[in-house]
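Everything on this sheet refers to the single structure shown next.
There are 2 protein chains.
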Amino acid sequence: MIDNFIYGTPTQLRFGKGVIKDLPEVLSQYGKRVLMTYGGGSIKKMGLYDEVLRLLKDFTVVELPGIEPNPKYDPSVITGAKLCKEHKIDVILSVGGGSVLDCSKAISVCAKYDGEGWDLISGKVKAKAALPIVDILTLAATGSEYDCGCVISNTAILDKRGYLDELMFPAVSFLDPQYTFSVSAWQTACGTADAINHVLEQFFSFPNSLFNDGIMIAALRSLMTNVKIAIKEPTNYAARSELMYVCSWGCNGILANGSGYSGWPMHSIEHALSAYFDITHGAGLAIITPRWMQEILSERTVERFVTLGKDLFGFDKKLSDKEMAQKVIDEFYAFFESIGIPMHLGTLGVKEEAIEDMADHILANDDTSQDWAYVPLDKAALVRILKASM
Amino acid sequence: MIDNFIYGTPTQLRFGKGVIKDLPEVLSQYGKRVLMTYGGGSIKKMGLYDEVLRLLKDFTVVELPGIEPNPKYDPSVITGAKLCKEHKIDVILSVGGGSVLDCSKAISVCAKYDGEGWDLISGKVKAKAALPIVDILTLAATGSEYDCGCVISNTAILDKRGYLDELMFPAVSFLDPQYTFSVSAWQTACGTADAINHVLEQFFSFPNSLFNDGIMIAALRSLMTNVKIAIKEPTNYAARSELMYVCSWGCNGILANGSGYSGWPMHSIEHALSAYFDITHGAGLAIITPRWMQEILSERTVERFVTLGKDLFGFDKKLSDKEMAQKVIDEFYAFFESIGIPMHLGTLGVKEEAIEDMADHILANDDTSQDWAYVPLDKAALVRILKASM
């Protein structure tokens, strides 16, 4: 059954080898004054920075370098918005991964707002306009290139917000898989684990349909197969291209239109882990996944596991539902381990004594115990999942 | 491997029970002067006509009724464009199936053009602007509600054109599966056969990827399962909702981004059949499908059939590739027969003596013999397919 939904993604994807040759033509639609945002030195190392400046020789380019992983409201968003106003910027060009793009999205609305930008990000005020965003992606992971959300931290008030507004859909996303050839095995594994988790957060919901189940299983199969190839052969274009494309489908809702909203509980838990111990998002998600599955396995949810067992893993249909579910959980554990993720939070520096605090933090920030969730998680459940993940 | 592509679909889908309650709010974004287009009496019979007028009591509504299946440039498109200009229409509201919507798309560009509208449709002149289109769909089939194409006939010069322009994406498509409850078993079967064929036209192409194969197989599985339920139980909401959603994915390219363009040969053949004998599009496609498959089966193409055999039908993996392919072809034949489509063109009134002429017509209109096609079809091949379909 496909339940009621509203869906639209206006972003244009320009995918493949050499697509950035069209960058000047695309940007010209919006104007000649560009704010170019990026992170550390990786785009310089791979030659992309020089290539972009060469393509934009007829544009006025203002640069905002040094955007952090987990981008910060202060200084990055504030500085970017100020630059846009001062230089009368027409369009923002984000060059990098999901963090640079998330920051650029926040800048796009703050640049068109006269008050305090945090009022938009924190949901106090609804944005009325945004600068157009074009991006060149260098990491397959978050799906930010095809959705209208961003996650921004405000360290001054110890706040971290997920912020959604349709004004922030990128106008055009340039996706050239070659720019991901130099992504390390660790970042490839963690980025893919993030995308796999995006699919699973949506798969465990109701109502279900043959179509949505099928496209989500197609996404999981593609991600789980191609990440292994990409880790072994970093310049394998076929594998990198599938990873890049499938990751883009992760977060804009298209995988589960009409399937309800599960609450994205594993993301709620991981956000606390990252806030307390600054661990890599995808690694945290991978570690939590099988433990969360074990916690929520019940007579009511077992059908989801059985569908994964039969249609994703091709397990023997003669197994009992319970046996099938356990094999699915074990298979995800073994898979994440096989791509190099240490499957214990302790290895990443998480301290057992923080678990109670983190559980309180999760309930305070994204109340996972509410009864509309696919499986509500109260404090005891959160503590069990975190302890099992140590 | 995902090859280079450019993709974007700006249309917003508003899906589910009762969604048209938001029609006034949606239309108001564009203005208060509406051209309402529709076909025969079915929207009156089901009460939708009265419901729409009730919702639009604060709007100025100009009506264009009587749009034909296979919509005509003269009178429908010409009349519609003239009404838009005379009444300073702000937005077109299409209420009906794919034909009404296709006609409305053509009207949307002709209304903003001062010359002869056929120059746009025939590709002589590129459109510069279009009126926005909102639609309420009453038939799951063509996917026109989520693409930017239309097919328009010009009977005066015996021409029928497929016309694509990004200006013609509907702004908003209202999809309430309840409006398809009264669709007859025959139209349900033919509409679904059309959508199944849209998927197959894209599945038989290269390069392939796990993800695209998986989403296309998910679409086929959902369509083939749910059409049987909907024929047996016309008011089964779960089945009607999946059919409606999946059909929308058929034609905008999303199923096969980066998989190349196959040439859509079965559609080329069917367009000739409809032009000569005015048969129902979906029925023609269903009859051609297994015969086209038989014609193109070769060592080069057999892998496509094997993938369908294993992943869609779950056939025994121990079968040889050739046996598997033959079983796939036989299964599609049996499936279309099982949903009530007579599997011989003769039964629909097609005359064997027209086959040579139709083959010439196909080559003249959509040259299926070009070597970029997935499998080029010369005149002899077209004649073999048509004869086998009799």
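In the order they appear, the protein sequences are chains C and V.
Under this note's numbering, read the first sequence as residues 1 to 390, first letter to last.
Under this note's numbering, read the second sequence as residues 1001 to 1390, first letter to last.
The beta-carbon is built from N, C-alpha and C at its ideal position, and this holds for glycine as well.
Note that the structure is predicted; figures quoted are calculated from it, not measured.
Exposed is the label assigned to P207(C), since fewer than 16 other Cβ atoms lie within 10 Å of its Cβ. Residues of the region 2 to 32 of chain C with a C-beta less than 7 Å from any C-beta of chain V: I2, D3, N4, F5, I6, Y7, G8, P10, T11, Q12, L13, R14, F15, G16, K17, V19, listed in chain order. For L1093(V), the secondary structure class from DSSP, reduced to helix, strand or coil, is strand. The DSSP-derived three-state label of L131(C) is coil. According to the DSSP assignment, V1183(V) belongs to no alpha helix (DSSP H), since it is labelled neither H nor E. Apart from sequence neighbours up to five positions away, the residues of its chain that approach A354(C) with a beta-carbon distance below 6 Å are Y276, ordered along the chain. Bridge partners of I1136(V) according to DSSP: V1095(V), F1174(V).
In the same chain as G1117(V), and ignoring 5 residues on each side of it, the C-beta atoms closer than 8 Å to its own belong to Y1073, V1077, I1078, A1081, A1106, V1109, C1110, in chain order. Taking CB atoms only, Y1245(V) has a neighbour in chain C less than 8 Å away. Y276(C) sits in a helix when the DSSP states are folded into three classes. For T1235(V), the secondary structure class from DSSP, reduced to helix, strand or coil, is coil. Cβ contact annotation for L377(C) (same chain, cutoff 7 Å, sequence separation greater than five): P265, T368, S369, in chain order. Cβ neighbours of P69(C) within its own chain (closer than 8 Å, five residues either side excluded): G39, S99.
In terms of beta-carbon proximity, S1104(V) stays away from the interface with chain C, with every pair separated by 8 Å or more. Uninterrupted alpha helix (DSSP H) stretches at least 4 residues long and entirely within the region 1294 to 1320 of chain V occur at 1302 to 1307, given in chain order.
A straight-line Cα-Cα distance of about 38 Å links P290(C) and C1251(V). Here E1299(V) is exposed. Its C-beta has fewer than 16 other C-beta atoms within 10 Å. C-alpha of F203(C) to C-alpha of G314(C): approximately 17 Å in a straight line. By the Cβ-count criterion, G18(C) is exposed, with fewer than 16 other Cβ atoms from all chains shown falling within 10 Å of its own Cβ. For L386(C), the uninterrupted alpha helix (DSSP H) run begins and ends at 379 to 388, by DSSP.
In the three-state reduction of the DSSP assignment, K1045(V) falls in the helix class. For S1205(V), not one C-beta of chain C is nearer than 8 Å to its own C-beta. One finds S209, L210, F211, G214 in chain C with Cβ atoms closer than 8 Å to the Cβ of S1222(V), taken in chain order. Bridge partners of I1329(V) according to DSSP: none are assigned. A distance below 7 Å between beta-carbons, with the five flanking residues on each side excluded, links E166(C) to the following residues of its chain, in chain order: C148. Within the region 1255 to 1282 of chain V, the residues whose Cβ lies closer than 9 Å to some Cβ of chain C are N1257, G1258, listed in chain order. Here the C-alpha atom of W249(C) lies approximately 31 Å from the C-alpha atom of V1091(V). The continuous beta strand (DSSP E) containing N154(C) extends over residues 149 to 154. Listed along chain C, the residues sitting closer than 9 Å to S1241(V) by beta-carbon distance are M1, I2, D3, S209, G258. For the C-beta of I1217(V), the chain C residues within less than 7 Å are, from N- to C-terminus, G214.
Ranked by how close their Cα comes to the Cα of G8(C), the residues Y146(C), I269(C), L243(C), I2(C) have Y146(C) in first place.
With contacts defined by Cβ atoms closer than 8 Å, F332(C) and M293(C) form a contacting pair. Between Y163(C) and I217(C), the gap from beta carbon to beta carbon reaches 8 Å or more. Apart from the 5 residues on each side of it in sequence, V61(C) sits with its Cβ closer than 6 Å to the Cβ of V34, M36 in its chain, given in chain order. Among the CB atoms of chain C, none fall inside 8 Å of the CB of T1307(V). Taking 8 Å as the Cβ-Cβ cut-off, the region 1224 to 1240 of chain V approaches chain C at T1225, N1226, Y1237, A1238, given in chain order.
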